[in-house]
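Notes follow the structure.
Numbering (full-length UniProt numbering), first residue to last: 1 to 234.
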């Protein structure tokens, strides 16, 4: 009887069975670790000529949000095959062993010898092909550059623009009513009221009304008036 052949796991990959263990540690990631992971990914994508922009909670942290987040989302303008090709040569990255349509969850090793002063950790980075999971179809034409400055660091990061951010967050809140999406929308509207007003008609009217109705249940009259005005809801 022929022996059953066990498929050997490729180096630099993780299996579905290994994912929960990796996530337990990654869920403790702090902003310096997220920052280090994002910086590494940015340099890798730039070196390989792949347009990209950060999105999600990490991008909002770069804009000044105080909401905690423990992973990095980045949208890329390339095929999944091209992305796998680039990631395969990176010893600091673990990628899925199996197929992943649209979104690839990778783990980036930060800290230690790579980032002095940063605790070593495998950080979650969700790499989203343009047009998938609320990402703009073409990140290169839907981004703006934000400055992130501290006493120790001065960096510029491309993030999806305000229109893409608002459209993505409104769609997410409409579909799942998540508290993080609510906080993110409140942050964006509060920080950029005039800019949101300028793009209001490019945003889904039903989703705008849905958010305003939720906002009105727990906020003061003055705050409700400001949000209604920014979103163009009478």
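Just so you know, even glycine gets a beta-carbon here, dropped at the ideal spot from N, CA and C. None of these values were measured; they are calculated from a predicted model.
May I ask you to list the residues that DSSP assigns as paired with residue i?
| i | result |
| --- | --- |
| residue 14 | 96 |
| residue 53 | 75 |
| residue 157 | 146 |
| residue 109 | 122 |
| residue 104 | 127 |
Excluding the five sequence neighbours on either side, which residues of its own chain have a C-beta within less than 8 Å of the C-beta of residue i, listed in chain order?
| i | result |
| --- | --- |
| residue 79 | 129 |
| residue 12 | 87, 88, 90, 91, 93, 94, 95 |
| residue 219 | 227 |
| residue 14 | 22, 94, 95, 96, 97, 107 |
| residue 207 | 170, 171, 173, 174 |
| residue 26 | 70, 71, 107, 121, 122, 123, 124 |
Report the three-state DSSP secondary structure of residue i (helix, strand or coil).
| i | result |
| --- | --- |
| residue 221 | helix |
| residue 196 | helix |
| residue 91 | coil |
| residue 204 | coil |
| residue 39 | helix |
The alpha helix (DSSP H) that contains residue i, what's its start and end?
| i | result |
| --- | --- |
| residue 23 | 19 to 26 |
| residue 173 | 162 to 176 |
| residue 116 | Element bounds for residue 116: n/a, residue is neither H nor E. |
| residue 30 | Note, residue 30: premise wrong, no alpha helix (DSSP H); not H, not E. |
| residue 179 | 179 to 191 |
Note down, in chain order, each residue of its chain lying with its Cβ closer than 7 Å to the Cβ of residue i, except the 5 sequence neighbours on either side.
| i | result |
| --- | --- |
| residue 134 | 168, 171, 172 |
| residue 212 | 227, 228, 231, 233 |
| residue 61 | 31, 69 |
Return the chain-ordered list of same chain residues with a C-beta closer than 6 Å to the C-beta of residue i, the five sequence neighbours on each side being excluded.
| i | result |
| --- | --- |
| residue 199 | 163 |
- Message: When you compare the region 31 to 43 with the region 112 to 124, are there three or more beta-carbon pairs, one atom per stretch, that lie closer than 8 Å?
- Response: yes
Point to revise | Stretch-stretch touch, CB-based, cutoff 8 Å, three pairs: the region 148 to 158 with the region 175 to 190 | key: no
- Should the region 111 to 118 be regarded as contacting the region 159 to 166, the criterion being three or more beta carbon pairs within less than 8 Å? no
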